[in-house]
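Please read the structure below before turning to the comments.
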Amino acid sequence: MQNQLKIFTWHIHGSYLFYLSQGNYDIYIPTKPEKTEGYYGRGETFPFGANVIEIPAEEVKDHSFDCIVYQTNNNYLTDQYEILSEEQRKLPRIYIEHDPPRQHPTDTKHVVDDPEVTLVHVTHFNRLMWDSNNTPTRVIEHGVTDSGVVYKGDLDKGIVVINNLPARGRLLGYDIFMNVRKHVPLDLVGMGTGDLGLGEVLHPQLPEFQSRYRFFFNPIRYTSLGLAICEAMMMGIPVVGLATTELSAVIENGVSGFIHTDVDYLVEKMKLLINEPQLALEIGNNGRKVAMQRFNIQRFANDWEQLFSEVTNRQVPESLITAS
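Residue numbers (the numbering used here): 243 to 566.
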């Protein structure tokens, strides 16, 4: 039996790391006592399996890995030189880009410019917008597990799930949220919600908590496709959001959710969902069908297993092999 691949990365996005860990490989993450970004360890929020393994940062150089996965500019520009050996830095490398470009929507050059690194974008929109230089790119769309929690929708209001919304401003739609809640009952959950929200609901408890809300509202103007949206769709919660970035290519307006760039239109559709629970159920069921096909966790895990196999085997495409 072949040993499982040993993947080294940093703990950056807990929910993404949890879903990434559903594949057939071992993931090693560094820890520091001060728990700075990327060095939190497993933590207690997510039910990680035995294949997510902590290593004290100062011991990372002593271990053998098959692939290094970067997830932030800091990982790529600083962390790797602080904790990886020179030999480890020559291993097959992948950079997961979780976000669309911030400085300029089309002309921002990615920090990675290396034909030996594979740059993985989590949405097609992100790959479209980034200038990825000479780095080969791949899109691996999100995958989320089915919590098994059934949508109830018995609360006549919507839920918004965003961390630190008041501090993150227009980009995350703080002003949109404040405007919409004047017309439609909304509850906000997440870290740093202050007086505006209900506070944090831990990821394992979130499915049951949000299952009672009539709809899920995403006010974010410019972001990657949030895992919270995929999770809501997987549960059958109807999603209402802005027709920007990848969401415009995920939801069919009026069929599997409601999307538009006109916030007034979205407000009317939220009111419609509140007044017509049966319609909300139908919209949510359609969204769930999309999620089960597009964001299936097994498809996600298979995509990652295939990519790890490719980069660690340094496979040469058949089209590049010259017949003798």
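We treat Cβ as the ideally placed atom computed from N, Cα and C, and that holds for glycine.
Following the DSSP letters along the chain, one finds Phe290 in no beta strand (DSSP E), marked with neither H nor E. In the DSSP assignment, no residue is bridged to Glu524. Judged by DSSP in its simplified three-state form, Arg530 adopts helix. Under DSSP, the beta-bridge partners assigned to Glu339 are His363. Annotated as distal: Val481 and Ala491, with beta-carbon spacing of 8 Å or more. Contact between Tyr267 and Leu247 holds: CB atoms are separated by about 4 Å, below the 8 Å threshold. Taking the Cα positions, Glu450 is about 16 Å away from Gly441. Here the alpha carbon of Leu397 sits roughly 13 Å from the alpha carbon of Val426. Looking only at Gln452, Lys399, Tyr464, Gly529, the smallest Cα-Cα distance to Pro347 is reached by Tyr464.
Just so you know, the alpha carbons of Pro357 and Gln452 end up roughly 43 Å apart.
Checking the DSSP bridge columns, you'll see Phe500 partnered with Val482. The closest CA to that of Ile516, considering only Pro342, Val443, His363, Ile401, is found on Ile401. Counting along the chain, Gly256 sits inside no beta strand (DSSP E); it lies in the alpha helix (DSSP H) bounded by residues 256–262.
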